[in-house]
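Going by my numbering, the letters in the sequence shown line up with residues 64 to 771, in that order.
A virtual CB, placed ideally from N, CA and C, is assigned to each residue, including glycine.
From a predicted model like this one, the values you see are computed outputs, not experimental measurements.
For reference, the structure discussed in these notes is given below.
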Amino acid sequence: MGNGGGNEDEGGNGGREIQQPIEDELKESYLTYAMSVIVSRALPDVRDGLKPSQRRILVAMNDLNLGPGSQRVKCAKISGDTSGNYHPHGESVIYPTLVRMAQEWNMRHVLIDKQGNFGSIAGLPPAAMRYTEARLSSIAAMMLDDLKLDTVDYVPTYDEVRTEPTVLPSKFPCLLVNGANGIAVGMATSIPPHNLREVCDALLKVLDEPNVSIDELLEIVPGPDFPTGGVICGRAGIRRGYHTGRGTIVVRARTKIEEHAKGRYRIVVSEIPYQQFRDRVVERIAALVHDDRIKGISGIRDESDLKEPVRLIIELKRDADPDVVLNQLYQYSPLQDSFSLIFLALVDGKPREMSFKQLLDEFLRHRATVIRRRTNFLLARARRRKHTIEGLLLALANIDEIIRIIRQSQTQAEAKAGLMGVACPASMMQRALGEEGFRLFQEERGVADSYTLTAVQADAILRMTLGQLVNLEQERLGGEHAKLLEEISEYLRILSDEENIREIIRDDLRQIRDRHGDNRRTEISGEELGDFDLEDLITEETMVVSISHKGYIKRTPASVYRAQRRGGKGLKGASADEEDPIQHLFVASTHDYLLFFTNQGKVYWQKVYGLPQLSRESRGRAIVNLLNLQADEKITDCRAIRDFNLPDHCMMMATRKGLVKKTLLEQYSRPKKGGIIAIKLREDDELVDVVVTAPGDEVVLSTKRGMA
């Protein structure tokens, strides 16, 4: 425990012992750890959209010359070079990052061109790194363009043996197009992928109208565009997230209901929500069916292949309503998922939450900086080369004197001093450089009758052999000099006005859009999802409900029964089973509740649409499969109720031994899956009948002997 004095004592091993309160030490250590995770591991840079591990992999591949046209190499080689040269972690940590950048179901535009088993959307793991090969994709190569032209800052690597870029030049707006996710200490980021063509158009819009509103940008980029497709439900979450930097959207699988043999339906799933695995979806649906949380599914199979990466067939039972089953799947299974929008990234090395417009602004600011630095680098390089060419032209004008000095000199220093003393008349330089070249030359060197070689020019001449000096061509040097003058003029023009830089950014964006842009995969539905009742999905329809003596129940649309004229022969309304006659037959709406009263005085609830819909001739389904009836419990009466809040309406019950009870109808308005006790019965008594009464009704009780 420290004494708080901040004293430093020399330890016996030559180290230092720093004494301070443990609270301060914990605070400082935690802050150091948190910032390390935030800056060095978990969050992407807003400029190139990459985390350090991703950036280092791309840089290592660039060092290996693994461009789009090169031969792929083993991922073990790439991971090893990344670990050894740039990343202070083992290659087993690097390989999963490399794999993810190659998976087309994770990245809207992959950065790694893969060969071999890199996993699958089914959730299968990739092969070991010694079996897989990779190279840079064409769009990743565009992120590395101009890296060697002093466009970005470099810092020492972890071992200080070499340097690495702090960010990539990145013509490609990777952060928005491929998205990013990561969890740091006390913060997280979750940026969805977007359509490249739309993002480029939005960036062009911002270049033309810097004060464009987010709502106007949303007309160009309506929302995320996931690599796995799917359907985004509603626009409110998108709008909130793009304005504030935080929001939530709901993504659904793309499905289709198909009718096939004998009137049965099936649900075909062709796209699943982003970051869901196909096998997990199948397993979850199977578990829901097994646990009876979703009813109406008879089977599920996976027909996916290389042509159709996702094709799940969900077979429905004959009496199942496909719309009801589909919405139950959305409600309980991974076919519907929520995606959080958190636009958090590193800006100037610090985490910052931004709006969609601010993300675009930061990328454009980065590109302007890159182009400005690149132009300055190229300008300086062209000026250095021009200076060298001018020295060669001056030497060419005095070639005999130059060769004589070199031959007579005993040392390099003597030759250099001699060359710097050679004078070239201004008229000769004017002929060699041309009017414009000579004018610029005079601006740099001043007006004089003659000119001498500089130290740089003398060194350039001395690096050449005598044979090379003799073979110098006036015309070739003059042509190169003229070309350099044009380049310098262009670089100066670019740097003279910010609009010129913006025009270069426009050209780059149009090139990327036209070369790599594709159509949107994710559909955005204008329909907002709220708390919906399953009943809202059911068409209200009049049904004929029948219950047999042995407890078989079914519903049949009333439309299948038709009125007959005099002499009609009638229609068969149920199976001809003399041992199981129809005991209850009534008409009800699909939205009505059915209250089933049993001989033991209990009542159960069931919606009419939840009953099996079968043909007139069908026997029905055993009611014990729908209600949790006991072994010796049977239905004695059934009542269809639409509104439990009818004033002063009651449920009146009578038992075999003459006990009666009246209860307000509204007390039955809270259904319970296991049923409730409607009336307590004495020993050897049972419930025999139930009726709904309204105010003013008179009730007649009759006995088996005809008494009333």
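In three-state DSSP terms, what is Q473?
coil
Option in E416, D522, C296, L456 with minimal Cα separation from F504
L456
Measure how close the beta-carbons of R198 and L129 come, nearest whole angstrom, since I'm counting them as under 8 angstroms.
4 angstroms
Suppose you measure from the CA of L106 to the CA of V313; what does that come to, to the nearest Å?
24 angstroms
With DSSP as the reference, label R733 as helix, strand or coil.
coil
Those residues which DSSP pairs with Q669 across a bridge:
L657
Within 8 angstroms, do at least three Cβ pairs link the region 572 to 585 to the region 255 to 266?
yes
Let me know the secondary structure DSSP gives L407 once reduced to three states.
Looking at L407 - three-state DSSP - the assignment turns out to be strand.
Touching by the beta-carbon criterion (3+ pairs, under 8 angstroms), the region 272 to 280 and the region 116 to 131:
no
Determine the extent of the beta strand (DSSP E) in which M716 is found, giving its start and end residues.
In this chain, the beta strand (DSSP E) harbouring M716 covers 713 to 718.
Cβ shell of Y395 (< 7 angstroms), same chain only, five flanking positions each side left out:
L351, R356, I357
Quick one: what's got a C-beta closer than 7 angstroms to Y149's C-beta in the same chain, skipping five residues either side?
R119, V122, A123, T220, E227
S513: first and last residue of the uninterrupted beta strand (DSSP E) it sits in:
513 to 515
Does the beta-carbon of K177 have 16 or more other beta-carbons within 10 angstroms, so that it is buried, or is it exposed?
buried
Quick one: measure Cβ to Cβ for D209 and P232, integer angstroms, because I've assumed they're closer than 8 angstroms.
5 angstroms
For L514, count neighbouring Cβ atoms within 10 angstroms of its own Cβ and tell me buried if that reaches 16, exposed if not.
Sequence inspection shows Tyr at residue 514; the Leu mentioned does not correspond to that position. Buried.
With a cut-off of 8 angstroms on the beta carbons, I'd call Y194 and G179 a contact; round off their distance for me.
6 angstroms
Use the C-beta contact count for I698: other C-beta atoms within 10 angstroms, 16 or more gives buried, fewer gives exposed.
buried
Hey, out of A523, L267, Q493, whose CA is closest to A511's CA?
Q493
Relative to the ligand GDP, is the shortest distance from any of its heavy atoms to the C-beta of V608 smaller than 6 angstroms?
The ligand GDP is not among the ligands present in this structure, which contains no ligands whatsoever.
Exposed unless 16 or more other CB atoms sit within 10 angstroms - verdict on Y624
Taking all protein chains shown into account, Y624 has fewer than 16 neighbouring C-beta atoms within 10 Å of its C-beta and is therefore exposed.
To the nearest angstrom, how far is it from the Cα of R163 to the Cα of L409?
21 angstroms
Buried or exposed for I742, going by 16 or more other Cβ atoms inside 10 Å?
buried
Can you check the region 472 to 507 for any beta strand (DSSP E) of at least 3 residues that lies completely inside it and give the ranges in chain order?
486 to 488
Given I347, which residues of its chain have a CB within under 7 angstroms of its CB, disregarding the five upstream and five downstream residues?
Position check: residue 347 holds Arg in this sequence, whereas Ile was assumed. Answer for R347: S396, P397, listed in chain order.
Relative to the C-alpha of Y554, which residue among R315, R435, R381, T653 is closest?
R435
Quick one, which of R565, A139, E729, L657 has its alpha-carbon nearest Q669's?
Closest by alpha carbon: L657.
Whose C-beta lies closer than 7 angstroms to the C-beta of R719 among residues of the same chain, with five residues either side of it excluded?
D748, E749, V751
Whole beta strand (DSSP E) elements within the region 683 to 717, 3-residue minimum
698 to 704
Tell me whether T220 sits in a helix, a strand or coil according to DSSP, three-state version.
coil
Between the beta-carbon of F707 and the beta-carbon of S732, is there less than 7 angstroms?
yes
Can you grab the Cα-Cα spacing for the pair I246 / I254, in whole Å?
Cα-Cα distance, rounded: 12 angstroms.
Burial state of I360, where buried means 16 or more other Cβ atoms lie within 10 Å:
buried
Would you grab the beta carbon distance between S403 and T311 for me? Rounded to a whole angstrom, and I think it's under 8 angstroms.
6 angstroms
Check H429 in the structure and name its three-state DSSP category.
Three-state result, H429: helix.
Among T229, D278, P236, E371, nearest to T291 - alpha-carbon criterion:
E371
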